[in-house]
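Chains as they are written, first to last, in this note's numbering: chain F, 1 to 104; chain X, 1 to 104. All residues carry an ideal CB built from backbone N, CA and C; glycine is no exception.
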DNA sequence: CTTGACACATAGCGTCGCTATGCATACCAT
DNA sequence: ATGGTATGCATAGCGACGCTATGTGTCAAG
């Protein structure tokens, strides 16, 4: 998978993972890898800034937790985040159909 | 359609349009609009640099033509461009499936 | 006691689509 | 004639954002 294929779609992916249940950054990375069949193996330097950005935008809220001596920042969708996910999904569907139509 | 949704996929779209038949920049824009059902209405400032980039990469060749007092630069796929289109299509399919799997 | 998984953070880079702008020709309606 | 619209190409500069590289620290396994 080339570098910039994700550009503009990563937010939707992260929101979608968090729609299932709250999770911390590292776990989000694992779930993206799993749910994409290995296609999305994202470096931490990609994901953490996304989480900060989404939280700044009001789409996520977060809190520190401590599990087995390890601190984790657990993120969850806000109401606004859930709405945003809906928009992003629609956008993806429109985009995906359009690309398909051109490439066909 | 948001600004950066296309990022990383535009080359494939342009190559795909030119795979049907050679065309000049402005016509490529029109065909993208048409074939995408209006979803892709790209400004010239987006498309012309792509054409230059693809030609520099050896995926396109071009020549000036004169039609009804208007000069046009007509682009056509090279053999390498045809191969590249195949790769890009595969990449798109993999990407698209992966996103679908995560968003589902 | 070192390797590797877990866990977070951020500075800096590079790519690339978009905006804005400029130039030029053709055609149509007023 | 003239002004608007479509046609046609080009490029400077901006901004967004994913990635690399690097740093910090904990814990389990060998």
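> Between which two residues does the beta strand (DSSP E) harbouring residue 65 of chain F extend?
Replying inline: As a working mapping, residue 65 of chain F is identified with position 65 in the first chain. From DSSP, the beta strand (DSSP E) with residue 65 of chain F extends over 60-67.
> residue 7 of chain F versus chain X: which residues are under 7 Å apart at the beta carbon?
Replying inline: Counting from 1 along the first chain, the entry for residue 7 of chain F is found at position 7. Going along chain X in sequence order, the residues near residue 7 of chain F (Cβ under 7 Å) are 4, 7, 8.
> the segment 54-70 of chain X: which residues have C-beta closer than 8 Å to a C-beta of chain F, in chain order?
Replying inline: none
> Exposed or buried, what is residue 25 of chain F when buried is set at 16 or more other beta-carbons lying within 10 Å of its beta-carbon?
Replying inline: For the purposes of this step, residue 25 of chain F is taken as residue 25 along the first chain, with counting starting at 1. Looking at its Cβ environment, which holds 16 or more other Cβ atoms inside 10 Å, residue 25 of chain F is buried.
> Does the distance from the C-beta atom of residue 19 of chain X to that of residue 85 of chain X stay below 8 Å?
Replying inline: Translated into positions along the second chain, residue 19 of chain X becomes position 19. Translated into positions along the second chain, residue 85 of chain X becomes position 85. It is a contact, given that the beta carbons lie within the stated cut-off.
> Would residue 68 of chain F pass as a contact of residue 40 of chain X if the rule is Cβ separation under 8 Å?
Replying inline: Looking up residue 68 of chain F in the first chain gives position 68. Looking up residue 40 of chain X in the second chain gives position 40. Going by C-beta atoms, residue 68 of chain F is not nearer than 8 Å to residue 40 of chain X.
> Closest to residue 23 of chain F by CA distance: which of F:56, F:63, F:7 is it?
Replying inline: Walking along the first chain from the start, residue 23 of chain F turns up at place 23. Minimum Cα distance to residue 23 of chain F is reached at F:63.
>> The beta strand (DSSP E) that contains residue 10 of chain X, what's its start and end?
In response: Position 10 of the second chain, counted from the start, is the residue given in the question as residue 10 of chain X. Taken as a continuous stretch (DSSP letters only), residue 10 of chain X belongs to no beta strand (DSSP E), being part of the alpha helix (DSSP H) at 10-20.
> With 8 Å set as the bound, which would you pick, yes or no: does the beta-carbon of residue 18 of chain X sit closer than that to a beta-carbon of chain F?
Replying inline: Within the second chain, the letter at position 18 stands for residue 18 of chain X. For residue 18 of chain X, the answer is no, since every Cβ of chain F falls outside 8 Å of its Cβ.
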